Amino acid sequence: MRKKYLLLIGLVLTFSVYAENNTIEVKGGYDVYKKVEQKDTNGYDKLKFKNGFNLGAEYRREIFENIQVGAGLEYNFNSDKTPGDKYNAAENSTIKYSSDDLDSIPLYATARYVFRNRTDFTPYVKVNVGYSFNSGDMEAKKTLHDVNKSFKAYDYSAKDSFYYAFGTGVEYKNFIVDLTYEINDFKADGKRYTNVSDTPGGLNVSYKDEDVKFKNQKLKLSVGYQFDF
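Note that the sequence shown covers residues -19 to -1, 1 to 210 in mature numbering (1 follows the signal peptide of the UniProt record, and there is no 0).
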């Protein structure tokens, strides 16, 4: 999976080198705000995720005065705060949660309006639209203490999704400071148990296939450097 992401990054950088009169931007940043919610029968429940890092590359060309268009690619790292074991006294059972890091790589088109002035500080606004390649598994194991047996309660894998973002920033010579609000809502497909019974041959567990919806939004602050060709 990660080899595919590296290939995409290489393609974007390769095409940018052969374009004329372009700007290549490299940047890195950190999430200053993050909200990840999972939809269930009661609406959306907020999940706990640590603020993550991001690295990206982008190239743009000015097609009209002050208007730039281009494409970019980012790697966003999101580490969850896996909840502790949850005990159910009525069932005398415990659920243990585990999950991979929820990583995403958006490949996007971008448009930027630059407010040029007589100073070295040049503010801008931008919008990004594209597709996000998401990875990460979420699962839980349930233990029935009365029979001292365990089984998988659910298992989901993140799916790729539509991506968009808007933001603002300022250029100082070749340096940039950027603030971007990103929306990357996605689904995870997998299975959840519906019934379990203890038999002489072991636990008999029934599952159903289902998709789970997630709202994934964050505000990230990045710094970078621009190379003009």
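Heads up, the beta-carbon is just placed ideally off N, CA and C, and yes, glycines get one too.
In this text, all values refer to a predicted model and were calculated from it rather than measured experimentally.
Member of the options whose CA lies at the smallest distance from the CA of residue i
{"i": "Glu43", "options": "Leu54, Tyr174 and Arg97", "result": "Arg97"}
{"i": "Arg93", "options": "Lys194, Val128 and Glu6", "result": "Glu6"}
{"i": "Asp127", "options": "Asp179, Ala134 and Tyr56", "result": "Asp179"}
{"i": "Asp170", "options": "Asp136, Asn35 and Tyr206", "result": "Asp136"}
{"i": "Leu200", "options": "Thr149, Ser80 and Leu184", "result": "Thr149"}
{"i": "Gly117", "options": "Ser85, Tyr144 and Gly33", "result": "Ser85"}
{"i": "Tyr162", "options": "Lys172, Tyr56 and Phe147", "result": "Phe147"}
Classification of residue i by the beta-carbon crowding that lies within 10 angstroms, buried from 16 upward
{"i": "Ile157", "result": "buried"}
{"i": "Thr4", "result": "buried"}
{"i": "Asp209", "result": "exposed"}
{"i": "Phe45", "result": "exposed"}
{"i": "Tyr206", "result": "exposed"}
{"i": "Glu39", "result": "buried"}
{"i": "Arg99", "result": "exposed"}
{"i": "Asp159", "result": "buried"}
Under 7 Å between C-beta atoms of residue i and residue j
{"i": "Ser131", "j": "Lys140", "result": "no"}
{"i": "Lys168", "j": "Asp192", "result": "yes"}
{"i": "Val17", "j": "Asn197", "result": "yes"}
{"i": "Val151", "j": "Pro104", "result": "yes"}
{"i": "Asn109", "j": "Thr91", "result": "yes"}
{"i": "Tyr112", "j": "Tyr145", "result": "no"}
{"i": "Ser203", "j": "Gly10", "result": "yes"}
Bridge partners - residue i, DSSP secondary structure assignment
{"i": "Glu152", "result": "Thr103 and Ile157"}
{"i": "Leu83", "result": "In the DSSP output, where bridge partners are listed per residue, Leu83 has none listed."}
{"i": "Arg97", "result": "DSSP, once it has assigned bridges, lists no residue as partnering Arg97."}
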